[in-house]
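In UniProt numbering, the protein residues as written are 1 to 281.
If you want it as structure tokens, here you go:
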């Protein structure tokens, strides 16, 4: 744990002794809201500023959409938690060279979009809105929570020719469990967090843990996949990638890398090249 995480987790655990309800409410609030909005990095700025920007709305939140090219043969790029669309800047010129139109967005509570937070259901709604605007996706590249969201969307009306996932999470329950692990929360707070997610964040969903499981009903998704995961990802264990591969069998290719970590993986030439090779087939 970092010093800040150690302090926050320690405070929540201390509050939980005399005031467990208050501690649970505070932990839930932290889980639902990104700690920071990622900034556009210097290496991303040129591609970021070339994009045509548009807007969508989801649950009253304005969503900033980015498009490069005409919008024909769209390739959707989905970022993860506490990230933003500009992290895909390295992909943009390669996709354009293939005659494709990269499309992305900052999720609510992220980047330049409105709101304070987002959910996997809002991701699904935004993805559907972009398909209605641009048509079925030639391909999709999705990172972390974005990958889990895309696999959920593909069980509905969303269509894509190919899917590349990077650091994908198979088990939705991994998100609160990892949050609790990072902060060192006691078991009582961990269970309270899962209960609040189930009954407050997704009150309209009968069983979110099953619905959002990326390996549920693999026969419902007939899309060639390349699953990319780094062994040095310190937040999502590589076992999650193997579980996805096991679920989707021959329609999925598993690519395991090493030494790239998690935070800058989307900009790594090795990752970009692997995704482009798969998309260009």
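Glycine residues also receive a C-beta, built at the ideal position from the N, C-alpha and C atoms.
None of these values were measured; they are calculated from a predicted model.
Practice prompt. State the start and end residues of the unbroken alpha helix (DSSP H) segment that holds residue 176.
Written response: 174 to 183
Item to complete: On a CA-only basis, which of 164, 98 and 126 is nearest residue 55? Give me that one, please.
Response: 126
Discussion item. Runs of 3 residues minimum, wholly inside the stretch 65 to 89: which ones carry the beta strand (DSSP E) assignment?
Written reply: 74 to 78
Worksheet entry | Three-state secondary structure assigned by DSSP to residue 234 | coil
Worksheet item: Rounded to whole angstroms, how far is the Cβ of residue 104 from the Cβ of residue 279, which I believe are closer than 8 Å?
Response: Between residue 279 and residue 104 the Cβ distance is about 15 Å, and since that is not below 8 Å, they are no contact.
Worksheet item: What's the C-alpha gap between residue 247 and residue 215?
Response: 6 Å
Fill in: Three-state secondary structure (DSSP) of residue 151
helix
Worksheet item: Which whole runs of the beta strand (DSSP E) in the stretch 206 to 252 are 3 residues long or more, in chain order?
Response: 225 to 230
Fill in: Those runs of the beta strand (DSSP E) which lie wholly inside the stretch 109 to 133 and span at least 3 residues
none
Fill in: Where the beta strand (DSSP E) through residue 105 begins and ends
101 to 106
Worksheet item: Among residues of its own chain, excluding the 5 on either side of residue 242, which ones have a beta-carbon nearer than 8 Å to its beta-carbon?
Response: 254
Worksheet item: Roughly how many angstroms lie between the CA atoms of residue 21 and residue 61, to the nearest whole one?
Response: 29 Å
Worksheet item: Since residue 162 contacts residue 223 with CB under 8 Å, what's their CB separation in whole angstroms?
Response: 7 Å
Worksheet item: Sorted by chain position, which residues of the same chain lie with C-beta nearer than 7 Å to residue 5's C-beta, five sequence neighbours on each side aside?
Response: 182 and 183
Worksheet item: Beta carbon of residue 275, beta carbon of residue 166: below 9 Å?
Response: yes
Practice prompt. Please name the residue, chosen from 263, 143 and 106, that lies closest to residue 57 on a Cα-to-Cα basis.
Written response: 106
Worksheet item: Hey, how far is the Cα of residue 252 from the Cα of residue 245?
Response: 6 Å
Discussion item. I'd like the ranges of any beta strand (DSSP E) spanning at least 3 consecutive residues and lying wholly in the stretch 10 to 66.
Written reply: 52 to 58
Worksheet item: Given 8 Å as the limit, is there contact between the stretch 35 to 55 and the stretch 65 to 83, that is, 3 or more CB pairs closer than that?
Response: yes
Item to complete: Mark residue 42 as exposed unless 16 or more other C-beta atoms lie within 10 angstroms of its C-beta, in which case mark it buried.
Response: exposed
Worksheet item: With a CB to CB cut of under 7 Å and the five nearest residues on each side skipped, what residues in its chain are close to residue 202?
Response: 208
Item to complete: Answer yes or no: do residue 270 and residue 257 have a C-beta to C-beta separation smaller than 9 Å?
Response: yes
Worksheet entry | Spatial distance of residue 273 from residue 175 (CA atoms) | 28 Å
Item to complete: Given a cut-off of 9 Å, decide if residue 267 and residue 17 are closer than it, judged by their beta-carbon atoms.
Response: no
Item to complete: Please state if the CB of residue 230 and the CB of residue 265 are separated by a distance shorter than 9 Å.
Response: yes
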